[in-house]
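Numbering-wise, this note's numbering comes out as the position in the sequence shown, counting from 1, plus 447. Have a look at the structure below before the remarks.
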Amino acid sequence: MEYLSADYWETRWQNNQTGWDIGYVSPPLKAYFDQLDSKQYKILIPGAGNAYEAEYLFQQGFKNVFVVDFSKSAINNFLKRNPSFPTEQAIVSDFFQLKESHFDIIIEQTFFCALDPSLRENYLDKMKSLLKPGGKLAGLLFHLPEKKDGPPYGGDKEVYLEQFATRFEIIEMDIAKNSIESRQGNELFFEAENS
Ligand SMILES: C[S@@+](CC[C@H](N)C(=O)[O-])C[C@H]1O[C@@H](n2cnc3c(N)ncnc32)[C@H](O)[C@@H]1O
């Protein structure tokens, strides 16, 4: 497959080349989490990195949270910060090989833009297969001009809408209102249902 390899990402983690890392739960995602109506939801965060979102969810009482990342260093960082997080729910793996499924919610944040755009159809297929019927894919997508020399690989709302609508019912996709300053206007918040 044409995606950037596990070695590529592990090396970036080991060399602290993690410019995407904002250091805390992303405000639009925190707002989304705060309105969820059940702590029982089974939630996945793929390409989770330092996974501040999973840390926040876990602290709020969501115990059925899973993170997956190519990088052992990223997952180890997360487990060091969160020693009571179940290790079997912090998975070092290729997202496309993930076996755990039946998620109620999958959270997107700077994972889609880390994948070669040729993988976007595979991404949508895999997301669909991991979700329960009626489950939600939600999170943030960069609203940036397309560039070939990513990551991050960009895209815009019209293109995303067309692609995501082939597998999901789009509930919402709009410029996020509460992005961090450096991402204001460049980030779409979306929620899509596995119809
Ligand atoms: C741009 S970083 C984003 C990390 C985190 N979501 C954040 O916003 O801070 C992308 C992450 O996806 C991981 N990744 C890339 N391709 C992957 C794949 N195929 N399977 C699992 N993880 C992957 C990388 O190791 C990296 O940690």
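Every residue, glycine too, gets a C-beta built ideally from N, C-alpha and C. Note that the structure is a prediction, hence the values are computed from the model and not measured.
Query, Result
"Spatial neighbours of Leu451 within its chain, please: CB distance less than 8 Å, with the 5 preceding and 5 following residues excluded, ordered by chain position.", "Ala561, Leu562, Asp563 and Pro598"
"By Cβ distance, which residues of its chain are closer than 7 Å to Asp516, with the 5 residues on each side in sequence left out?", "Gly494, Ala495, Gly496, Ile522 and Val539"
"Would you mind reading off the limits of the beta strand (DSSP E) that contains Gln556?", "Phe550 to Gln556"
"Roughly how many whole angstroms lie between the Cα atoms of Asn633 and Val606?", "15 Å"
"To the nearest whole angstrom, what separates the beta carbons of Lys486 and Asp551, a pair I think is in contact under 8 Å?", "So it is not a contact: roughly 11 Å between Cβ atoms."
"Pop quiz: Gly581 and Glu640 are said to be a contact at Cβ under 8 Å. What is the actual Cβ separation, rounded to whole angstroms?", "6 Å"
"What alpha helix (DSSP H) runs, 4 residues minimum, are completely inside the segment 519-602?", "519-528 and 567-577"
"Tell me the DSSP secondary structure of Val437 in three-state form.", "The structure shown has nothing for residue 437, since the chain only spans 448 to 642."
"What is the residue span of the beta strand (DSSP E) that Asp621 lies within?", "Glu616 to Ile622"
"Compute the beta-carbon to beta-carbon distance between Leu491 and Leu588, rounded to the nearest angstrom, for a pair I have assumed lies under 8 Å.", "With a Cβ gap of about 17 Å, Leu491 and Leu588 do not count as contacting."
"Taking Ser518 as the reference, give the member of Glu457, Gln556, Asn511 and Asn524 with the closest Cα.", "Glu457"
"For ligand 1, any of its heavy atoms closer than 7 Å to the Cβ of Gly494?", "yes"
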